[in-house]
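Novice: The numbering used here numbers the first residue of the sequence shown as 216 and each following residue consecutively. Where a beta carbon is used, it is the ideal one built from N, C-alpha and C, also for glycine. Please read these numbers as outputs of a predicted model, since none were measured by experiment.
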Amino acid sequence: MGKRIAVIGGGPAGMIAAATAGSLGKDVVLFEKNNKLGKKMFITGKGRCNITNAGEVDELIDNIVSNKSFLYSAFYSFTNNDIVELLSQYGVETKIERGNRIFPVSNKSSDVIRALERHLIKNGVKIELNKEIKSIEKLDDKNFKIALSNSEEQYFNKVIIATGGKSYQQTGSTGDGYVFAKNFGHSITDLKPALIPCIIKEDWVKELQGLALRNVRISAYVGNKKIFEDFGELLFTHYGVSGPIVLSMSSYINKYYGSEIKISIDLKPSLTNERLEMRILRDFEKYSKKQFKNSLENLLPRKLIPVIIKLSSIAEDKFVNQITREERKELVLLLKNLEMSFSDFRPIDEAIVTSGGVSTKEIDSSTMESKIVRGLFFAGEVIDVHALTGGYNLQIAYSTGYLAGLNC
Ligand code: FAD
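(1) What first and last residue would you give for the beta strand (DSSP E) that runs through residue 355?
(2) What separation, rounded to the nearest whole angstrom, lies between the Cα atoms of residue 455 and residue 354?
(3) Would you tell me roughly how many angstroms separate the C-alpha atoms of residue 277 and residue 316, rounded to the nearest one?
(4) Residue 383: beta carbon under 6 Å from a heavy atom of ligand 1?
(5) My output table needs one value for residue 416: the three-state DSSP class, helix, strand or coil.
(6) What are the boundary residues of the alpha helix (DSSP H) that residue 227 is part of?
(7) Just verifying my parser: in three-state terms, what is the DSSP assignment at residue 521?
(8) Using CA atoms only, rank isn't needed, just tell me which of 330, 314, 309 is closest to residue 322.
(9) Below 6 Å, is the gap between the Cβ of residue 452 and the nearest heavy atom of ligand 1?
(10) If you check the beta carbons only, do residue 351 and residue 253 fall under 7 Å apart?
(11) Relative to the C-alpha of residue 242, which residue among 340, 438, 293, 495 is closest?
(12) In this structure, how does DSSP classify residue 453 when only helix, strand and coil are distinguished?
(13) Tell me whether residue 272, by its Cβ, gets closer than 6 Å to a heavy atom of ligand 1.
(14) Classify residue 229: buried if its beta carbon has 16 or more other beta carbons within 10 angstroms, exposed otherwise.
(15) Among residues of its own chain, excluding the 5 on either side of residue 564, which ones have a beta-carbon nearer than 6 Å to its beta-carbon?
(16) Taking Cβ to Cβ, would you say residue 376 is nearer than 7 Å to residue 555?
(17) Considering only DSSP beta bridges, list what residue 316 is partnered with.
(18) Looking at the structure shown, is residue 567 part of a helix, part of a strand, or coil, going by DSSP?
(19) Let's test the definition: count the other Cβ atoms within 10 Å of the Cβ of residue 489 and tell me whether it reaches 16, buried, or not, exposed.
(20) Could you check what DSSP says for residue 427 in three-state terms: helix, strand or coil?
(21) Cβ-heavy atom distance between residue 608 and ligand 1 below 6 Å?
(22) Quick check on DSSP: helix, strand or coil for residue 275?
(23) When every heavy atom of ligand 1 is checked, does at least one fall within less than 6 Å of the C-beta of residue 246?
(24) Using only the alpha-carbon positions, how far apart do residue 417 and residue 251 sit?
(25) Under 8 Å: do the stretch 419-427 and the stretch 515-529 share three or more Cβ pairs, one atom per stretch?
(26) For ligand 1, I want to know if residue 704 counts as a neighbour, meaning its beta carbon is within less than 6 Å of at least one of the ligand's heavy atoms.
(27) Verify whether the separation of the beta carbon atoms of residue 447 and residue 596 is less than 7 Å.
(28) Just to check my reading of the structure: residue 281 and residue 570 have Cβ atoms closer than 8 Å, yes? What is that Cβ distance to the nearest angstrom?
(29) If you measure from the CB of residue 300, is any heavy atom of ligand 1 nearer than 6 Å?
(30) What is the rounded straight-line gap between the Cα of residue 223 and the Cα of residue 576?
(31) Would you please state the rounded distance, in angstroms, between the beta carbons of residue 234 and residue 334? I believe it to be under 8 Å.
(32) Thinking just about the alpha-carbon of each residue, which of 567, 272, 594, 510 is nearest to the one in residue 604?
(33) Would a C-beta distance cut-off of 7 Å place residue 301 and residue 290 closer than the cut-off?
(34) Relative to the C-alpha of residue 535, which residue among 553, 552, 495, 549 is closest?
(35) Can you find a heavy atom of ligand 1 that lies under 6 Å from the Cβ of residue 372?
(36) Could you tell me whether the Cβ atoms of residue 508 and residue 531 are closer together than 7 Å?
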């Protein structure tokens, strides 16, 4: 047997790292504190696991939010096609859905986890479940001592930290790797929730709970500076807003956390102000003898109407034929710029990913080895990299895991 390698964390990053090292004849032990592998992977893609994305590597990189250039080597060394091919070797067939998202044909994340488990076994990895690592110490140039929570101590030549982020802690991702890395002298950049719903200050938002708006544009501002813009689906909740474009927004605005952030929804992004006014005029002609509150049903979802009426300066019982030009123009502006104030993110435990982590400046991007401690490697979400939704975060885990396993 070759070098003894410890991989800490049985998520996608740790599993690929361990199996890759095992395939090179190394003596690998994979430690996972849960009683099974891939507990977080199990809940990905609402239990269907959005395995990766079928885009070109450049498109994958485009969807990385922080430290894109750090991932070039990893993404070219172990690609989206590589994971698809690997899974197919273990009987998992895949399909491509909207937005190039790749899922297992069976729609079961458990099939993906089982395939990775078989990959580990085939490559001779010793899987140690229910084994929580408490500390890692470097003894000399070639030896690490690992202490387990059951008071056991074990010795290894190389260590790969693949402990994940800090969210959905019941899956095991409790942020232990940040502590291990810090104790080795690594810097941990600010840990913040990403891909997380937002709490909104205004009370009227609560009245919209459950309403999904499909084709809207969202923009976020700090003062006059636009810090984010996207088009797509938004969902109102009892605390604020969620849905795909809000999750994406959170990943970009979290660096402005603490500033006053305004969020604006354009409810009619396909219409210019002039066209929207013409559209409203048509409805107003049709409903000229009705009250304002009964004139918006062709324009807006039912749930939104009372809120828009309240926020507008037009009295709800005003007859449509008495609405002035100025009032109409104001209504146009309101529909093009429904403004809300960001209050907070939901707690980090609800984040799809953690932004921040072990600084990429201190990790060799072509090997995943620490630049501070030789023989120590990092893989997956514990590193300061994260991406939008679409399968990119799991691809980060496999690609960085692969490089760590190859080079340890
Ligand atoms: P993790 O998957 O978090 O694995 C880390 C492992 O380390 C855990 O099993 C943990 O128990 C173990 N561990 C931690 N500390 C110790 C210790 N001290 N000793 C021993 N073991 C330890 N991404 C996608 O690309 N597609 C999706 O569809 C998708 N959906 C998601 C849905 C949800 C609800 C969530 C929360 C995330 C989703 N993600 C998705 C993100 C993706 O799951 C993560 O980015 C990915 O799992 C990170 O992989 P990892 O191996 O780095 O860490």
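Specialist: To lay it out plainly:
(1) 348-355
(2) Across the structure, residue 455 and residue 354 are spaced so that their CA atoms are roughly 51 Å apart.
(3) 15 Å
(4) For ligand 1, at least one heavy atom lies less than 6 Å from the Cβ of residue 383.
(5) coil
(6) 227-238
(7) helix
(8) 309
(9) Not under cutoff, so the answer is no.
(10) no
(11) 340
(12) coil
(13) no
(14) buried
(15) 382, 384
(16) no
(17) Paired residues: 268, 312.
(18) coil
(19) exposed
(20) strand
(21) yes
(22) helix
(23) Answer for residue 246: yes, Cβ within range of ligand 1.
(24) 43 Å
(25) yes
(26) Here the chain has residues from 216 to 623 only, and residue 704 is not among them.
(27) no
(28) 6 Å
(29) no
(30) So the alpha carbons of these two residues sit roughly 22 Å apart.
(31) Yes, they are in contact, since the Cβ atoms of residue 234 and residue 334 sit about 5 Å apart, within 8 Å.
(32) 567
(33) Inclusion of residue 301 and residue 290 in the CB contact set at 7 Å is not warranted, their separation being larger than that value.
(34) Shortest Cα-Cα distance from residue 535 to any of 553, 552, 495, 549 involves 495.
(35) no
(36) yes
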